[in-house]
Each structure stands twice: as C-alpha cells, then as structure tokens.
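Novice:
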Ligand code: DI6
Ligand code: FE
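Numbering (the numbering used here), first residue to last: 66 to 453.
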C-alpha cells in the first residue's frame, strides 16, 4: 500500500476508507478510527495498492497503422523513400481523414482496453492527425466518446499544430492562421478541448508559430502543453513555461536554461521513452538536471502509430528506468502523481484523503516490481471512483 512516508510512502498492513467515491481515510489498519469499524470490508489479502495509473500523453485516436513503414525501414528504406511511398505522418493523416467517428472509436478501443487492463484510469488523447477542422474535431469527439463508453477519464488535447499538411506545404504560417486557430475556436465552442498542445520542431512549427497558438489558447482560457526539444533545441520548453504550461514533453535536447524556466513555472517534464526507443535516439533527456532543479517528471507512452507504437504504460515505466536511469520510485510517481499534475488534475494521482478513489490493486509485494518486469501485467483489479 502506497501513500506517504518511505520513498514510496509504503504502509505495511494498511487500510483505506472509501466514501462517496473518494478516499476518506488512509493509514495503518491498527490506527483505523472507530467510526469506520462498522463499514463493509474488502480484504485485499496483502496486495499492493497504488493510485490507478495515468497515461498523460497519447495519440490513441488515429486512422490506420504504420506497420508497412516499419517493415520498409527495416529493409533499409530511408525516411524520404518511406515518405515518397506515402508513408510517415502523412499516411496517418490520410487514413484519419478517411475514417468516420465510429471507425476512429472502434480502432482506438482495443488500445484503450489494454491500457485499462494495466490499471490505467486516466488517458490523455490528442488530436493532430486531421490537420483540417472537420477531422481535428472528429478525433476529439471520438476521444470524448471513449470516455463515455469505458470507465476511464479521457482528457483531450487539441494538437492541430502537429505537422504542416501537404496542401499547406511551405506555408506553415498560413496553416496556423487559416486552419489551426479557427479549428481551435470551433473545438472549444463544442467543449472538446481540455488543453492545447503543439509540436515545436524544425520539421513542424517554430516557437513564433507555436506562440500564436498559445495566445489563442490563452484568449480562450485554455491551459497549454508542448512537444518540445525532441529532436533539437529550439527553446520550446522555455516558451511553454512562459505560458505557464502544464507540461513540456519529450525534452531529449532540453538545456539547463530550459530546465530552470520549467522549474520556475511549475511545468511538468513528460518523459517519453517509447519514442526515444523506436527512433533509436542517442540523446537522453537531462534527468539529472530535472532532478537537481526539482522539476516533477511524468512518464507516458506517447502511444502513436509512428514514433511510439507502444500501448503499455508499465513498459514505459520500465524503459524510463533502464534507458534513462530514472528510479522505480520516480517511474511510479511519473505514472501517477506527476502525470495527474501534467493534466491539471489536482484530485487524483495520490493516495490521500479527499482524492478521487481511483486505485490499482497489484499482485506484487513491492512497488519496484511495477517498473522491473518486462511484458508482464501484475494487475489484480482497478477500483474506479471507489467502485470495484
Ligand atoms: N512527436 C512524435 O514523435 C510524434 N508526434 C510528435 O509530435 C510523431 C507522430 C507520428 O509519427 O505519427
Ligand atoms: Fe506525442
């Protein structure tokens, strides 16, 4: 049972009291207040209980897949050859534009169910494969629908500033003004947007272009986050911090000035080892600097059809440890407490009084086992809003 004192806050022989879908009390069973003694009891037989997991960065809703591109690259095709054969992000945009809302939901559901089966209770889902208004909104409607169809909280991020579509090639500024910002207004009017995201990179959008999107977000009162410093250092994390971003994500090329800016703004660093692994990157995110400046680190799958076709948050935790030398304590906090913060959710992610009772019950004795095993799911059950 995890809550407050040792590095994990592990309490041996613990009890949790759940009332009205929230945690009413947590502590050692021996200290349980008398007022709770008559409540119905569920014996967890000494199993480990943690907050339910939170995947705070995914592109779970999209059309098609890129297995053929994966094969081509392993047969020696270059990125350009893949792109000329219709592969890359463009192929996902084409497939997503063709897909109906029903088809997008149906395609995402097996992934969502696999996440739930690993103890996930909150999934962030981004748009960003439409790159035109109708499809961006359709992706977000599909994401919202998933949250109604399954016992999982879905938080949406508007990511039209993900790539420049072919019809705007060489005209990224026009795309931002004519498509991205109007689509944001339309999506917000339909209450489809919980946060606004962007991809700040040489192959995507410049800091100045992202800033225009952030200004539009600010005018609508929406929080921002950013794919920053994944492949190069454009100062995206510092830009995000200036806009009070909830998170800056990827961060392989982040420098100390960016870390300091994030620390000052309270921006969470979202670590995405699945993309690092898939792209066979060499440059590691500056974990030691993030630690030194006390920037909270979240861990997520970045589940997407191209750079991170990884569905398992437990595997992301393992990779964060093995590839980046994060500790299992940091990996677990990264998939719970800090992931909640990256989504602006103050009421979940820890086992504390007043928190929503979203819990994961595990068939393991110690929390380090969650990040330690590879390809094994130790989940016993989820408890969502206090319901088994
Ligand atoms: N960074 C990535 O690695 C993905 N998106 C992003 O902003 C790539 C998405 C894809 O290849 O489909
Ligand atoms: Fe991403």
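All residues carry an ideal CB built from backbone N, CA and C; glycine is no exception. These numbers were taken from a predicted model, which means no experiment stands behind them.
Give me the Cα-Cα distance between residue 252 and residue 212, rounded to the nearest whole angstrom.
Specialist: For the purposes of this step, residue 252 is taken as the residue at position 187 of the chain shown. For the purposes of this step, residue 212 is taken as the residue at position 147 of the chain shown. Computed Cα separation, rounded: 17 Å.
Novice: Which value, in whole angstroms, describes the spacing of the CA atoms of residue 101 and residue 249?
Specialist: Within the chain shown, numbered from 1, the residue matching residue 101 stands at position 36. Within the chain shown, numbered from 1, the residue matching residue 249 stands at position 184. Rounded to whole angstroms, residue 101 to residue 249 spans 48 Å at the Cα level.
Novice: I'd like the span of the beta strand (DSSP E) that includes residue 118, first residue to last.
Specialist: On the chain shown, residue 118 is found 53 positions in, with the first residue counted as 1. Here the beta strand (DSSP E) through residue 118 covers 118–120.
Novice: Who are residue 448's beta bridge partners in DSSP?
Specialist: The sequence position of residue 448 within the chain shown is 383, counting from 1. DSSP lists 424 as partners of residue 448.
Novice: Quick check: is any heavy atom of the ligand DI6 less than 6 Å from the C-beta of residue 130?
Specialist: Here residue 130 refers to the residue found at position 65 when the chain shown is read from its first residue. Not under cutoff, so the answer is no.
Novice: With 16 as the cutoff for other CB atoms within 10 Å, does residue 506 come out buried or exposed?
Specialist: Absent from the structure is residue 506, since the part of the chain shown begins at 66 and ends at 453.
Novice: In whole angstroms, what is the alpha-carbon distance linking residue 71 and residue 257?
Specialist: Within the chain shown, the letter at position 6 stands for residue 71. Within the chain shown, the letter at position 192 stands for residue 257. Roughly 40 Å between the two C-alpha positions.
Novice: Excluding the 5 residues preceding and the 5 following residue 220 in the sequence, name in chain order all residues of the same chain whose CB lies nearer than 6 Å to its CB.
Specialist: Start at 1 with the first residue of the chain shown, and residue 220 comes out as number 155. Same-chain partners within the cutoff: 189, 259 and 408.
Novice: Using CA coordinates, which residue listed in 143, 113 and 160 is at the minimum distance from residue 131?
Specialist: Locating residue 131 in the chain shown gives position 66, counting from the first residue. Here the closest residue by C-alpha is 160.
Novice: The alpha helix (DSSP H) with residue 248 in it runs from where to where?
Specialist: As a working note, residue 248 is residue 183 in the chain shown. Taken as a continuous stretch (DSSP letters only), the alpha helix (DSSP H) holding residue 248 covers 246–254.
Novice: Excluding the 5 residues flanking residue 389 on each side, which residues of the same chain have their C-beta closer than 7 Å to its C-beta?
Specialist: Mapped onto the chain shown, residue 389 falls at position 324. Same-chain partners within the cutoff: 336, 338, 349, 350 and 352.
Novice: Quick one: complete alpha helix (DSSP H) runs, 4+ long, within the stretch 289–370?
Specialist: For the stretch 289–370, whole alpha helix (DSSP H) runs of length 4 or above, ordered along the chain, are 301–307, 321–330, 338–343 and 352–357.
Novice: Residues in its own chain within less than 7 Å of residue 326 by CB, not counting five upstream and five downstream?
Specialist: Reading the chain shown from its first residue, position 261 is the one you call residue 326. The answer, listed in chain order, is 302, 303 and 306.
Novice: So what's residue 189 in DSSP terms, helix, strand or just coil?
Specialist: Here residue 189 refers to the residue found at position 124 of the chain shown. Of the three classes helix, strand and coil, the one that applies to residue 189 here is strand, per DSSP.
Novice: Assuming residue 75 contacts residue 443 under a Cβ cut-off of 8 Å, what Cβ separation, rounded to an integer in Å, is found between them?
Specialist: Here residue 75 corresponds to residue number 10 of the chain shown, with the count starting at 1. Here residue 443 corresponds to residue number 378 of the chain shown, with the count starting at 1. Contact flag wrong, Cβ pair sits at about 16 Å.
Novice: If you measure from the beta carbon of residue 73 to each beta carbon in chain D, is any gap under 7 Å?
Specialist: Within the model displayed, chain D is absent; a lone protein chain is all it includes.
Novice: Could you tell me whether the Cβ atoms of residue 449 and residue 412 are closer together than 7 Å?
Specialist: In the chain shown, the residue the question calls residue 449 occupies position 384. In the chain shown, the residue the question calls residue 412 occupies position 347. Cβ distance not < 7 Å, so residue 449 and residue 412 don't count as in contact.
Novice: Once DSSP output is grouped into helix, strand and coil, what is the label at residue 284?
Specialist: Counting from 1 along the chain shown, the entry for residue 284 is found at position 219. Three-state DSSP puts residue 284 in a helix.
Novice: Rounded to a whole number of angstroms, what is the C-alpha to C-alpha distance between residue 204 and residue 216?
Specialist: To locate residue 204, count along the chain shown from 1; it is residue 139. To locate residue 216, count along the chain shown from 1; it is residue 151. When rounded, the distance between both Cα atoms is 19 Å.
Novice: Pairs of beta-carbons, one from the stretch 263–282 and one from the stretch 106–124, closer than 8 Å: are there three or more?
Specialist: No, because fewer than three Cβ pairs between the stretch 263–282 and the stretch 106–124 fall closer than 8 Å, the two stretches do not touch.
Novice: Got a sec, what are the start and stop residues for the alpha helix (DSSP H) residue 209 sits in?
Specialist: On the chain shown, residue 209 is found 144 positions in, with the first residue counted as 1. Counting along the chain, the alpha helix (DSSP H) containing residue 209 begins and ends at 198–214.
Novice: Using CA coordinates, which residue listed in 224, 265 and 210 is at the minimum distance from residue 484?
Specialist: The chain is shown from 66 up to 453; residue 484 falls before or after that span and cannot be answered.
Novice: Sorted by chain position, which residues of the same chain lie with C-beta nearer than 6 Å to residue 158's C-beta, five sequence neighbours on each side aside?
Specialist: Translated into positions along the chain shown, residue 158 becomes position 93. If we look at residue 158 and ignore the five residues flanking it on each side, its Cβ neighbours are 194 and 196.
Novice: Taking Cβ positions, are residue 378 and residue 387 nearer each other than 7 Å?
Specialist: Indexing the chain shown from 1 puts residue 378 at position 313. Indexing the chain shown from 1 puts residue 387 at position 322. No. Outside cutoff.
Novice: With distances taken from CA atoms, which of 402, 170 and 178 is nearest residue 414?
Specialist: One-based indexing of the chain shown puts residue 414 at position 349. Among 402, 170 and 178, the Cα nearest to that of residue 414 is on 402.
Novice: Counting along the chain, where does the beta strand (DSSP E) carrying residue 221 start and finish?
Specialist: Within the chain shown, numbered from 1, the residue matching residue 221 stands at position 156. Where residue 221 is concerned, the enclosing beta strand (DSSP E) stretches over 218–226.
Novice: Reducing DSSP to helix, strand and coil, say where residue 176 ends up.
Specialist: As a first step, residue 176 must be located in the chain shown, where it is residue number 111. Here residue 176 sits in helix by DSSP.
Novice: With the ligand DI6 as the reference, list in chain order each residue whose Cβ lies under 6 Å from any of its heavy atoms.
Specialist: That gives 154, 157, 227, 264, 292, 295, 340, 369, 370, 371 and 372.
Novice: Taking the C-alpha atoms as reference points, what is the distance between residue 362 and residue 198?
Specialist: Against the chain shown, residue 362 aligns to sequence position 297. Against the chain shown, residue 198 aligns to sequence position 133. Cα-Cα distance, rounded: 33 Å.
Novice: List the DSSP bridge partners of residue 91.
Specialist: Mapped onto the chain shown, residue 91 falls at position 26. Note: residue 91 sits in a beta bridge opposite 81.
Novice: In this structure, how does DSSP classify residue 231 when only helix, strand and coil are distinguished?
Specialist: Within the chain shown, residue 231 is the residue found at index 166, counting from 1. The answer is helix: DSSP assigns residue 231 an H, G or I state.
Novice: DSSP on residue 161, reduced to helix/strand/coil?
Specialist: For the purposes of this step, residue 161 is identified with residue 96 of the chain shown, where counting begins at 1. The answer is helix: DSSP assigns residue 161 an H, G or I state.
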